[in-house]
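Numbering (the numbering used here), first residue to last: 9 to 161. These notes concern the structure reproduced below.
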C-alpha cells in the first residue's frame, strides 16, 4: 500500500473540494424543484456543520469552540451563510447553475480589489497570479456568450 505524501494529500483535497464546490450549484438547481431555497440552505449547512464538528472531534486534538468563539462563529454564519448563500439559494430559482457559478467566481477578484482599495493591503505575487487565473477563467467563460449576444464588455 502506497502512502501519499503531504503534497499529494493537499492536491487530492484541492481537487475534491473543487469538484464539490463546482457541483453545489447543480445540486441546488435540482433540489430547488422539491424544496424552498431557505429550507434547502438550512438542510445543507446543518448537515455540513454536523459533519465538520464530527470530523473535528475524531481527527483533531482541538476542542469545541469556547463561548466567546461561538459568538464570532454565529456572527460569521449570519453574514456569510444567511445573507450571502441565502441570496444565492434564492437566486437559483431564476438563473442557471452556470450563471450562478460565474457570479461566485467573481469573489476572489472583488476580495483582492476591496482589500487593496479599502484596507490598503499589499497583494502578494501568488495573489496576483490567482487574480489573473480567475480573471482569465471569467473571460474564457463569458466571451463566447458575449459574442452571441448584443451585450459587450
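From the three backbone atoms N, C-alpha and C, an ideal C-beta is built for every residue, glycine too. If you're wondering where the values come from, they're calculated on a predicted model, not measured in any experiment.
- By the Cβ criterion, the segment 137-145 is in contact with the segment 108-118, since at least three pairs of Cβ atoms, one from each stretch, lie closer than 8 Å.
- When the Cα atoms are used, residue 40 and residue 98 turn out to be separated by approximately 9 Å.
- For the 8 Å CB-CB criterion, residue 32 and residue 100 do not form a contact.
- A residue is called buried when at least 16 other Cβ atoms come within 10 angstroms of its Cβ; residue 49 meets this threshold and is buried.
- The beta carbon of residue 94 lies closer than 8 Å to those of 45, 46, 49 in the same chain, with the five residues before and after it left out.
- Here the alpha carbon of residue 76 sits roughly 16 Å from the alpha carbon of residue 86.
- Contact between residue 110 and residue 149 holds: CB atoms are separated by about 6 Å, below the 8 Å threshold.
- The criterion of a C-beta distance shorter than 8 Å is not satisfied by residue 83 and residue 73.
- Excluding the 5 residues flanking it on each side, residue 108 has same chain C-beta neighbours closer than 7 Å at 33, 96, 99, 100, in chain order.
- The alpha helix (DSSP H) runs of length 4 or more contained entirely in the segment 112-150 are, from start to end of the chain, 115-127.
- Taking the CA atoms as reference points, residue 151 sits about 24 Å from residue 37.
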